[in-house]
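Residue numbers (the working numbering): 95 to 250.
What follows is one structure encoded as structure tokens, with my remarks underneath.
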């Protein structure tokens, strides 16, 4: 399994968790558009790639399997937003904030093994509405190994 240099340095055991004052995310009715309000900029977790191009480059050029998993989910989020865009202009429907694609990782509030990939968004909403950017969950990665696999690999 190939990992890029950045993914090799992810501190899985010590990733920051979702801030305690963030109670829950907001379900939008769209599977790839999940957001959290009032997430402070200083509460970013572990910085990952800071652009969609950089993430795509790592997935395709460096063949990083973790970046590829993240990218697949990020592209689903992007596709869902693109699909909704025409209704924003035509019908005045709710405009979901657009991700900035500057990625950072946090441990889920549940404490389970794995991490969430987050990005902040721009400041959109209903026409004329001004609001702060949100934290958007753009990928969730779970980690697991078969019983004994870790122990076996440590003894080789």
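A virtual CB, placed ideally from N, CA and C, is assigned to each residue, including glycine.
CB residue i to CB residue j, shorter than 8 Å?
| i | j | result |
| --- | --- | --- |
| residue 160 | residue 101 | yes |
| residue 162 | residue 173 | no |
| residue 207 | residue 171 | no |
| residue 156 | residue 98 | yes |
| residue 146 | residue 192 | no |
| residue 215 | residue 158 | no |
| residue 144 | residue 233 | no |
| residue 141 | residue 198 | yes |
| residue 133 | residue 203 | no |
Between residue i and the rest of its own chain, which residues show a CB-CB distance below 7 Å, the 5 nearest in sequence each way excluded?
| i | result |
| --- | --- |
| residue 200 | 109, 110, 111, 112, 139, 209, 210, 212 |
| residue 224 | Only weak support exists for where residue 224 lies, its pLDDT of 49 falling under 50; the value from the coordinates is given anyway. These residues qualify, in order along the chain: 217. |
| residue 244 | Any reading at residue 244 is ruled out, since the residue's pLDDT is 46, under 50, leaving its predicted position unreliable. |
In terms of residues, what are the limits of the beta strand (DSSP E) holding residue i?
| i | result |
| --- | --- |
| residue 236 | 229 to 236 |
| residue 208 | 208 to 214 |
| residue 199 | 198 to 200 |
Under 6 Å Cβ to Cβ from residue i, same chain only, skipping five residues before and after it: list those, please.
| i | result |
| --- | --- |
| residue 128 | 119, 231 |
| residue 114 | none |
| residue 137 | 113 |
Consider the C-beta atom of residue i and the heavy atoms of the ligand ZN; say whether any pair is separated by less than 7 Å.
| i | result |
| --- | --- |
| residue 98 | Because no ligand of any kind appears in the structure shown, any question about the ligand ZN cannot be addressed here. |
Using 8 Å for Cβ pairs, my map puts residue i next to residue j. What's the rounded Cβ distance?
| i | j | result |
| --- | --- | --- |
| residue 164 | residue 235 | 7 Å |
Specify, as a first and last residue, the run of the alpha helix (DSSP H) that residue i falls within.
| i | result |
| --- | --- |
| residue 100 | 99 to 102 |
Residues in its own chain within less than 8 Å of residue i by CB, not counting five upstream and five downstream?
| i | result |
| --- | --- |
| residue 122 | 128, 129, 190 |
Ranges of the alpha helix (DSSP H) found wholly within the stretch 125 to 180, counting only runs of at least 4
146 to 154
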